[in-house]
Amino acid sequence: MRPIINPLGIRGHGRIHRTMTTEERILELRQQLHQHNYNYYILNQPTVSDQEFDAMMRELQELEVQHPELADPNSPTQRVGSDLAGEFETVMHQRPMLSLANTYNKEEVRAFYERVREGLSGEPFEICCELKFDGLSISLHYEDGHLVRAVTRGNGVQGDDVTANVRTIRSIPLQLHSVTVPSGSPEGTWPRQFEIRGEILMPWTSFEALNREREAREEPLFANPRNAASGTLKSKQASVVAERKLDAYLYYLLGDELPAEGHYENMMAARGWGFKVSDAMRKVQTLEEVFAFIDRWDVERRNLPVATDGIVLKVNSLRQQRALGMTAKSPRWAIAYKFQAEQQSTVLREVTFQVGRTGVVTPVANMDPVQLSGTVVRRATLHNADFMAALDLHVGDHVLVEKGGEIIPKIVAVDSAFITPERGPQVQFIQTCPECGTPLVRDEEEAAWRCPNDTGCPPQIKGRIEHFVSRRAMNIDTLGPETIDDLYARGLIHNVADLYDLTVDQLSGFNDTRIKSARKTIQAIADSRQVPFERVLFALGIRFVGETVAKTLARSFHDIDTLSRATLEQMLAINTIGQAIAESVIRWFADMDNIFLIERLRSHGLQFALSEEVLSAQSDRLAGKTIVISGVFQHHSRDEYKAMIEQHGGKNTGSISAKTSFILAGDNMGPAKLEKAQKLGVTIMNEEEFLSLLADNNE
Ligand code: IVH
């Protein structure tokens, strides 16, 4: 059945009609907000002001809070994202997500065209020409016009269920055609069930703004919009995703009942249902037209709001696509033509060396400024000693600089056209740390040279303090990198224990305007004494001890003294602790400086043991059990169940296998999972059964 289109402006918004029930008002607001989203994010033609939009959104939010029974995951309010952190569930793709074969020149495109002609025994065919968007591919599933699932490409066979995050992306419709599309868009109803694939992208403007913010906070920059989009989509907090304006273009419709026999026609229909389909898409008949499309977009792509890295060519007829079929990796009916990365020649003046927070030294080329893909480039990374040596660089060389998918330009070669017999001196990798003078050591694992002076080298010291105060560690987030830099320069902090001796006067430097923020920071430092042991352990910045490892170590050894005495064997006996982690922990505790540091922190009252509460809640009731969580729960959140499993010694994993001990199943467990569980004979336990299993133990 076709939903009733409710065009805007027929009913007013902002007031509750006398005859309207709350439920009707909620439905009306949702419908109107979906329409406004569409107008704004797909058509780029808003019809109401931001204030009006916000007022409607607030009204809807309030009504939804008052009426939780009317909640709907596809409500426009869900676009703001919740803070519920959750591991992503791994799910099988209904149809594998293949990739495309790449070509790099027109001859290869011609060869593709000829292969298709032969494959179709000379039958006429059409080609759909599209932009190749450089983002992350996503598979969206719709049922009865509602978005039900969004899955990343993963390995092509299975991916991560990122539905909650994807719901925050404004240009992805949560429900179809409850919006009014512009006249002229093809009409028609969507199949009851279908999949649509496309690319999630971070527009250049959002990417640049995000990196500017990160630079100000001295956080590592994203190399390109694709990485930024990927990092964002994998964020555990949907609210972070909502903040970082992502966009999406759709380019592939799949299902058993599609509206048309042609790919292009299907995409136009999808556009009519409210999806964002690129205006650049064209259907052509000849190879000459294909080349014209390539030439046009190789230039015009520079003006697009999002990154593209080529052109995709697809045989338009679905029947012909089926006739051509697939190879193991990619379809025979489509191909990607990749744009050449832009290159320029310039002169190498000097190579400088940067020391990172972990002591790794990175060589950086400093060059005469050169214009490249819209920006002026002066510096390029040389990655590491091996990369640099392979280039055989001499000061004064003309070098070819390229900006491919990466934002940080790289030197690809010495420009041989300019090599003269009397070249400048060959560039050598340094042997001592440029920051502290310590002889560098080779870290074979990372193919890097590293400054071993971790307790005396300024960028390393500051980096460790920054890590210690970060939100997920001690959460003293009022202490930014600039302040740390300043305190270090003034000789007030040299290690993390010094933070606990700071005074308001020292922090403010007796500057009245800074007193308020200094007080706040001192309070945050004091509060950090309550941070639980496992986070303190993470905050110490022991190599390879991330959040999860810290948690495991804390749960296994209970306090820092026991941990500091743990042997290699004891650590390796823990399921998820490997050789590298165990050795790193032992090495850390063997260093007397670290022992002194812990003693000082302990005297300041930091938590170096699991709390009684956590300890008493702990058991080994689920020891050795591997448990899969699936579905929606009534009594606790998915995260709480995960924590419970860990607390009782069990292991939570994402996918069902013969090793799965049982499945903790809520409502709406996926049919594929159910089938697999039954096939493998894995026990399915409901919430109540699971809770009573743990309760038994506590008695
Ligand atoms: S069609 C079987 N169309 O390129 C065909 N892909 O290597 C499936 N991509 O993983 C893909 N723009 O992430 C298609 N207009 C477009 C595309 C596109 C970008 C990406 C996609 C895919 C990769 C192929």
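Residue numbers for the sequence shown follow the numbering used here, so the first one is 75 and each next one is one higher.
The C-beta atom is built at its ideal place from N, Cα and C for all residues, glycine as well.
For residue i, count neighbouring C-beta atoms within 10 Å of its own C-beta (all shown protein chains included) and say buried if the count is 16 or more, exposed if not.
i    : result
I669 : exposed
G196 : exposed
G583 : exposed
I493 : exposed
Y323 : buried
M355 : buried
N649 : exposed
K753 : exposed
Q109 : buried
H722 : buried
N579 : Reading the sequence as shown, one finds Asp at residue 579 and not Asn. D579 should be labelled exposed.
R241 : buried
L689 : exposed
A647 : exposed
P150 : buried
M666 : exposed
A656 : buried
E204 : buried
A159 : Since pLDDT at A159 reaches only 43, below the 50 mark, its modelled position is unreliable, and the value read off the structure follows with that caveat. That one is exposed.
L387 : buried
E287 : exposed
E374 : exposed
M585 : Note that residue 585 corresponds to Asn in the displayed sequence, not to Met. Classification for N585: exposed.
E192 : exposed
Would residue i and residue j be called neighbours here (beta carbons separated by less than 8 Å)?
i    : j    : result
D471 : R497 : yes
C525 : G384 : no
M130 : Q232 : no
G698 : M743 : no
I758 : F736 : yes
Y326 : I270 : yes
Q534 : R431 : yes
M400 : L172 : yes
K750 : I730 : yes
E181 : D235 : no
H807 : Q249 : Because the chain in this structure spans residues 75 to 773, residue 807 falls outside the shown range and cannot be described.
L144 : R99  : no
L422 : V469 : yes
R223 : H215 : yes
I599 : Y574 : yes
Q681 : F607 : yes
L553 : T512 : no
S693 : F663 : no
I485 : A439 : yes
S591 : F618 : no
T121 : N113 : yes
By DSSP, does residue i sit in helix, in strand, or in coil?
i    : result
I90  : With a pLDDT of 43 at I90, under the threshold of 50, the predicted position of this residue should be treated as unreliable, and no value is reported.
F736 : strand
A746 : helix
I648 : coil
S304 : helix
E686 : helix
P67  : Lying before the first or after the last residue shown, residue 67 is absent from the chain, which here runs from 75 to 773.
H215 : strand
A402 : coil
I589 : helix
L637 : helix
F759 : According to the sequence shown, residue 759 is Met rather than Phe. Three-state result, M759: strand.
L295 : coil
K625 : helix
Let me see if you follow: with CB-CB separation under 8 Å, is residue i close to chain B or not?
i    : result
N148 : Of the protein chains in the structure, only one exists, and it is not chain B.
When you measure from the CB of residue i to every non-hydrogen atom of ligand 3, does any distance come out below 7 Å?
i    : result
R375 : No copy of ligand 3 appears in this structure; the ligands present are ligand 1.
| query | For the 8 Å Cβ check, are there 3 or more pairs between the stretch 422-430 and the stretch 503-517? | reply | yes
| said: Quick check for students: name the residue ranges of the alpha helix (DSSP H) that lie wholly in the stretch 90-158, counting only runs of 4 or more. | reply: The DSSP assignment places complete alpha helix (DSSP H) segments of no fewer than 4 residues inside the stretch 90-158 at 96-111, 124-140, in order along the chain.
| said: I'd like the ranges of any beta strand (DSSP E) spanning at least 3 consecutive residues and lying wholly in the stretch 468-524. | reply: If we require 3 residues or more, the beta strand (DSSP E) runs fully inside the stretch 468-524 come out as 472-477, 484-488, 515-517, 522-524.
| message | So, does the stretch 175-192 touch the stretch 407-424, judging by three or more C-beta pairs under 8 Å? | response | yes
| query | Whole beta strand (DSSP E) runs in the stretch 668-730 with 3 or more residues, listed along the chain? | reply | 700-704, 725-727
| said: Count Cβ pairs between the stretch 540-548 and the stretch 602-619 that sit closer than 8 Å; are there 3 or more? | reply: By the Cβ criterion, the stretch 540-548 is in contact with the stretch 602-619, since at least three pairs of Cβ atoms, one from each stretch, lie closer than 8 Å.
| request: For the stretch 410-447, list the beta strand (DSSP E) runs that are entirely contained and at least 3 residues long, ordered along the chain. | output: 416-429, 435-446
| field | Segments of 4+ residues assigned as alpha helix (DSSP H) that fall wholly inside the stretch 542-595 | value | 555-563, 578-582
| message | With three or more beta-carbon pairs closer than 8 Å as the criterion, would you say the stretch 673-685 touches the stretch 565-580? | response | yes
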